[in-house]
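In my numbering, the protein residues as written are 2 to 143.
Below is one structure, written out as structure tokens; comments come after it.
Here's what the structure looks like:
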């Protein structure tokens, strides 16, 4: 797969669904930077930090020497980049975030179950059930 195909693959996979900015439904966010001089586009992807512990507290800010409460949902946008798409190239800075964003675990489990079903059907392996448990429960091999 050349770099243009790779970038298109990620563009297709990383299409955001509208969530009305409900943080509990967001997995990642995309920032698009466009150079108006040459119409080049850079896309930055970051795994969304849900901040579950912080959401339980009180959010506020200082305004005119008063503490003002922030009501509603907040999101965290930090300076870290997980995936960068630019000039038909995909640069992956954090493979674990990539695996989570693209749901590699779900695909791995699906493909593993297909392979295990073949092993069971062909009856060519002893202890298939133990092998199945080991594969599904060991996150190191994903």
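Glycine included, each C-beta is placed from N, C-alpha and C at the ideal position.
For this session: Might you give, ordered along the chain, the residues of its own chain that have their beta carbon closer than 7 Å to the beta carbon of residue 44, omitting 5 neighbours on each side?
Result: Apart from the 5 residues on each side of it in sequence, residue 44 sits with its Cβ closer than 7 Å to the Cβ of 31, 33 and 86 in its chain, given in chain order.
Problem set entry | Alpha-carbon spacing of residue 113 relative to residue 121, whole angstroms | 12 Å
Exercise. Measuring CA to CA, which of 88, 47 and 118 is closest to residue 101?
Worked result: 47
Problem set entry | DSSP-derived helix/strand/coil call for residue 64 | strand
Problem set entry | Where residue 98 falls, given that 16 or more other Cβ within 10 Å makes a residue buried | buried
Problem set entry | Residue environment, residue 62, which counts as buried when at least 16 other CB atoms sit within 10 Å | exposed
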